[in-house]
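For reference, the structure is listed below as C-alpha cells.
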Amino acid sequence: MRVPSLPLPQAGGEIDSWCTKCLLTLNHRIIAVVKGVPAKVECLTCYSSHKYRPNPHNSASSIPPSPSRSALSSKTLSKKGRKTNSEEKSMSFWAFEVAQQPADVFKLYAVSSLFQEGDWIVHFKFGKGKVKRVIERHKIEVLFQDGVRLLVQGFIAS
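Numbering (this note's numbering), first residue to last: 37 to 194.
Listed below in C-alpha cells is the structure:
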C-alpha cells in the first residue's frame, strides 16, 4: 500500500514552529526554505522572524544568549535595528510584485468597505497591500511592505 506524500513546505506557506519570543509553539509563515526544509519563519502572533524550530527542545541550546542593549554600541543598532539581507531582498520582491499590478487594481481602504482574499488595497498609513485572508466577516489579514496587519472591514458607524 502506498502512503500519500505530504506537500513540501514552500515560502509563503504556514507551519507550526517554536517561537523564541512568545516561548510557545505557534503558527508561523515560512520565509525561506533550504533543501525542502523551512529555514526561516515569521511568527503570526508577534511578527518576529527567526530560524525554524519544530519543537522547543532545540531552541534554548541552539541560541546563544543575546547581549543586552547597553552592551551594544550606539553604532550597532539604529532606531529599528539593522535589516538583514533576506529582509532587504523580500522588500525588493514586494516592490517588484506591487509594481506589476495595474493602478486600477488597487481599492482604497475604508473600514466600511468589504474585501476578499487576493484583493489589492491602498491604506492611508500603511500604503499598498494584498488581502491574504478573510479571518471573519469584519476582519482581514493584509500583507503590507512592512509586514502583516489585521484590519477591520464592513464596519458601519451608527
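Backbone N, C-alpha and C fix where the C-beta goes; we use that ideal spot for every residue, glycine too.
With contacts defined as CB atoms closer than 9 Å, L179 and K161 fail to qualify as a contacting pair.
According to DSSP, residue pairing for R65 in a beta bridge involves E50, E78. The alpha carbon of F132 has as its nearest neighbour, out of G165, V73, L144, the alpha carbon of G165. In chain order, I51, I66, V69, G72, V73, P74 place their CB closer than 8 Å to the CB of P45, counting only its own chain and leaving out the 5 sequence neighbours on each side. With a contact defined as Cβ atoms closer than 8 Å, E177 and V184 qualify at about 6 Å. DSSP places S84 outside any beta strand (DSSP E), giving it a letter other than H or E.
The three-state reading of DSSP puts V134 in helix, counting H, G and I together.
Inter-residue distance for F151 and R89 is about 34 Å (C-alpha atoms, whole angstroms).
According to DSSP, residue pairing for E177 in a beta bridge involves R169, L186. Assignment of V147 by DSSP, reduced to helix, strand and coil, places it in the coil class. By alpha-carbon distance to V147, the top candidate from T56, A193, Q137, D140 is A193.
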